[in-house]
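Asks: For the sequence shown, the numbering used here gives the first residue as 28, with consecutive numbering after it. Ideal placement from N, C-alpha and C gives every residue a C-beta, glycine not left out. Just so it is clear, the structure is predicted and the values come from calculations on it, not from any experiment.
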Amino acid sequence: MPTLFSRIAAGEIPATIVARTSDCFAIEDINPQAPVHVLIVPLKEIPSVNSLTAEDESLVGKMVLLAREIAAQRGLQEGGYRLVFNCGPDAGQTVDHLHLHLLGGRSFGWPPG
Ligand code: 5GP
Numbered sequence: 028m029p030t031l032f033s034r035i036a037a038g039e040i041p042a043t044i045v046a047r048t049s050d051c052f053a054i055e056d057i058n059p060q061a062p063v064h065v066l067i068v069p070l071k072e073i074p075s076v077n078s079l080t081a082e083d084e085s086l087v088g089k090m091v092l093l094a095r096e097i098a099a100q101r102g103l104q105e106g107g108y109r110l111v112f113n114c115g116p117d118a119g120q121t122v123d124h125l126h127l128h129l130l131g132g133r134s135f136g137w138p139p140g
C-alpha cells in the first residue's frame, strides 16, 4: 500500500504542493503549528530516520537544502526557523514516511514539549 504522502505525491489525495524536485516534494501541513509549516518529503518511501542507510545520505541533504530554500522564499532567514524530524512514537511521529517539518513565523520554546 502506498503511504499517505505517496498518495499525495500521486495526486490521489489533495494537498497544497509548494515545491517539487526530482527526489522530493513539499506540502503545506494540513494542521499547521506555526504561520509557516511545510513538510519536505522524499519520493522514496522511507519509514523514518531509523530506516535511513548510507545510500540516503545525499537525499537527506537535499531535503534540508529544499527546506532552506523554502524558508528563504518565506522570508524566514533573518528571524529563524525550526527543522524537525519526528522519529517514532516518543517523538510523536504519526506518518510512517520520512518527512522534515519546516516551522517558522513565530518564536518556539526550548526544550520542546
Ligand atoms: P509527524 O507527526 O509524523 O511528524 O507529522 C505528520 C504531519 O503530517 C503532521 O504535522 C500532520 O498534520 C500532517 N498531515 C497528516 N495528514 C496530512 C494530510 O492528509 N495532508 C497534509 N498536507 N498533511 C498531513
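For Phe-135, count the other beta carbons within 10 Å of its own beta carbon; 16 or more makes it buried, fewer makes it exposed. Which is it?
Replies: Label assigned to Phe-135: exposed.
Asks: Along the chain, where does the beta strand (DSSP E) containing Val-45 start, and where does it finish?
Replies: Start and end: 44 to 47.
Asks: So, for Ala-94: in the same chain, excluding its five sequence neighbours on each side, which residues have a beta-carbon less than 7 Å away from its beta-carbon?
Replies: Counting only Cβ-Cβ distances below 7 Å, and skipping sequence neighbours, we find Ile-67, Leu-110, Leu-127 and Leu-129.
Asks: Helix, strand or coil for Arg-95, going by three-state DSSP, please let me know.
Replies: Of the three classes helix, strand and coil, the one that applies to Arg-95 here is helix, per DSSP.
Asks: Below 7 Å, is the gap between the Cβ of Val-45 and the nearest heavy atom of the ligand 5GP?
Replies: Val-45 Cβ: outside cutoff for every heavy atom of the ligand 5GP.
Asks: For Val-63, which residues does DSSP report across the bridge?
Replies: DSSP, once it has assigned bridges, lists Gly-131 as partnering Val-63.
Asks: Going by the CB atoms, is the gap between Ile-44 and Phe-52 shorter than 8 Å?
Replies: Cβ distance < 8 Å, so Phe-52 and Ile-44 count as in contact.
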